[in-house]
Amino acid sequence: MFKNQWYAILESHEVKSKPIGVTRMGEKLVLWRNSRGDVSCIFDQCCHRGASLALGCVNEDKIACPFHGFEYDKSGKVTLIPANGKASSVAERYKVNAYPIREANGFIWLWYGAYAEDNLPDLPMFEEIKEGFVYKTFSEVWDVDFTRSIENQLDVVHVPFVHATTIGRGGRTIVNGPVVKWQEDLMTIYVSSSLDDGKTIALGADEIKNYESLFRLQFQVPNLWLNHIAEKVKVFAAFVPIDDTHTKIYLRFYQKFLPVPVLGKAMASLSNIYNKKILHQDRDVVLTQRPKKSSLRMDEKLIPGDLPIIEFRKRLEKG
């Protein structure tokens, strides 16, 4: 798991005034909105008897445990123990972990790691899709670690095989490159493919000239991916770690050639029907991979076309 990073963990519309319990990065969390619409997130287990707080209710911006009514504020501190009386003070030990939360770009973001609240970095969203695009989302859970689901989208070799009936039509099996460039925690992948005439050998990354004109994919640490289909069409994904064997994928189709919101969202919804078919082609193969979690030092015999996966694993090992 990448530490000390902002993770997109939910879409904004999923968090309402009623508490919602989720598991993210192997930790049970409860989120809710206060009367101003701000989101809070704390550990989803009452420090008293271990009940889930997600089954409780929000009372004056605090979340109340459904078991004995303990009330928690956004810092995770218990502010009321009903059995002791409203006038009684609450000892400091009655508390649970709280998590820094931000909301932007239609996502709820959680900071995973050490922090000082006033010194956290900016959110890692791709600049190119922040303005002017209309999008629609679909989501689903895969029974794999998030490393496998991300690596599948960094795999530039699989397309003509897994997607032979969709985006991989044409049998362009030779992979030239790919060229991989890092800018801080943003990885950009440039690649081209061609038909195998029985005489051609794939070009290595150092043999490719003018690589910036090639097809482009990007990965933003810790869990975001962007496919640059065209200037006005992008496919985006957030790979949200649930635990070591489950990942929730949020896939968005972004477009801005139909700027009218109603028409644009209708177009994006239709496009996502096709995107779901493509994603399920990936899923059917990825779910068979063993082990379910990947790492830099594992028994896979990789090839030059796997360079983005190697780079991802190197960065992941750094933490």
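In terms of the numbering used here, the sequence shown opens at residue 18 and continues consecutively. Don't be surprised by glycine CBs; every beta carbon is placed ideally from N, CA and C. Note that the structure is a prediction, hence the values are computed from the model and not measured.
Item, Value
"Using DSSP bridges, identify the partner residues of THR40.", "LYS45"
"As an exercise, report each continuous beta strand (DSSP E) stretch of at least 3 residues that is fully enclosed by the segment 76–156, in chain order.", "79–81, 95–97, 118–121, 124–129"
"Would ARG269 pass as a contact of THR154 if the rule is Cβ separation under 8 Å?", "yes"
"Within the continuous beta strand (DSSP E) that includes HIS297, where are the two ends?", "Taken as a continuous stretch (DSSP letters only), HIS297 belongs to no beta strand (DSSP E), being part of the alpha helix (DSSP H) at 278–303."
"Output yes or no for whether 8 Å exceeds the beta carbon distance between PRO195 and VAL179.", "no"
"In terms of residues, what are the limits of the alpha helix (DSSP H) holding ARG330?", "324–335"
"Would you decide whether TYR152 is buried or exposed? Buried here means 16 or more other CB atoms lie within 10 Å of its CB.", "buried"
"Sort ALA255, ALA104, TYR111, SER105 by Cα distance to CYS341 and report the nearest one.", "The shown model of the chain, from 18 to 336, leaves out residue 341, and the question about it has no answer."
"Rank SER92, VAL75, ALA68 by C-alpha distance to the C-alpha of HIS85 and give the top, closest one.", "ALA68"
"How about the segment 301–311 and the segment 268–288: do they share at least three Cβ pairs that are nearer than 8 Å?", "no"
"Who are the near neighbours of ILE14 in its chain, counting only those whose CB is closer than 8 Å to its CB and skipping five residues on each side?", "Residue 14 lies beyond the stretch modelled for the chain, which goes from 18 to 336, so this question has no answer here."
"When the cut-off is 8 Å and only beta carbons count, does ARG330 lie next to chain B?", "No chain B appears in this structure, which consists of one protein chain only."
"Select from PRO117, LYS103, ARG332 the residue whose C-alpha is nearest the C-alpha of GLY93.", "PRO117"
"Give me the residue from LEU97, PRO278, LYS309, LEU313 with the minimum Cα distance to CYS63.", "LEU97"
"Under 8 Å by Cβ, that's how I've got ILE26 and LEU127 pegged, so tell me the actual separation to the nearest angstrom.", "5 Å"
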